[in-house]
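Read the structure below first, then the notes.
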Amino acid sequence: MSDKTPIKMLHDRVLVEVESDAGERRSSGGIVIPATAAIGAARRLSWSRVVAIGPHARAVEIGDRVLFDADDKPEVEVAGEVYVLMRERDVHAVAADRVADGSTGLYL
276 MSDKTPIKML
286 HDRVLVEVES
296 DAGERRSSGG
306 IVIPATAAIG
316 AARRLSWSRV
326 VAIGPHARAV
336 EIGDRVLFDA
346 DDKPEVEVAG
356 EVYVLMRERD
366 VHAVAADRVA
376 DGSTGLYL
């Protein structure tokens, strides 16, 4: 995030950066699957990096990678960068080195 625009997150809100390659993916056979391809009835979850958290967020820290459902999550643009805003309860899993101490890292 830009140093020119300080942001204070409130309550249990989590702000994650939108990864530029999140839409396009590659199959195990090397075939590129565009973001516009239909996935069918299943919804695809997204991994993103946390850039800001509110004071009541308990299981998520800045810099963590989190797994969440990107559908119906509000996006906000700050200084030309696009971010997704959600509540901590919308996070399905946390990937960070600090969760390797025997816990699963899941926040359900």
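For what it's worth, the working numbering labels the leading residue of the sequence shown as 276, then goes sequentially. For every residue, glycine included, the Cβ atom is placed at its ideal position computed from N, Cα and C. This structure is a prediction, so every number in the text was calculated from the model and none was measured.
Length of the line joining the Cα atoms of residue i and residue j
i: A368; j: G304; result: 27 Å
i: D339; j: V307; result: 27 Å
i: A334; j: V289; result: 11 Å
i: V353; j: R319; result: 25 Å
i: M284; j: D372; result: 24 Å
i: L383; j: D287; result: Residue placement at L383 is flagged as unreliable, the pLDDT there being 47, under the threshold of 50; a coordinate-derived value is accordingly withheld.
i: A327; j: E292; result: 9 Å
Sequence-distant residues of the same chain with beta carbon closer than 6 Å to residue i, five excluded per side
i: E227; result: Not covered by the structure: residue 227. The range shown for the chain is 276 to 383.
Beta bridge counterpart(s) of residue i as assigned by DSSP
i: M361; result: V289
i: A370; result: R340
i: I282; result: Answer by DSSP bridge pairing: none, since I282 is not bridged.
Close-in-space but distant-in-sequence residues of the same chain around residue i (CB under 8 Å, 5 per side omitted)
i: V366; result: V289, A334, V335, V341, L342, F343, Y382
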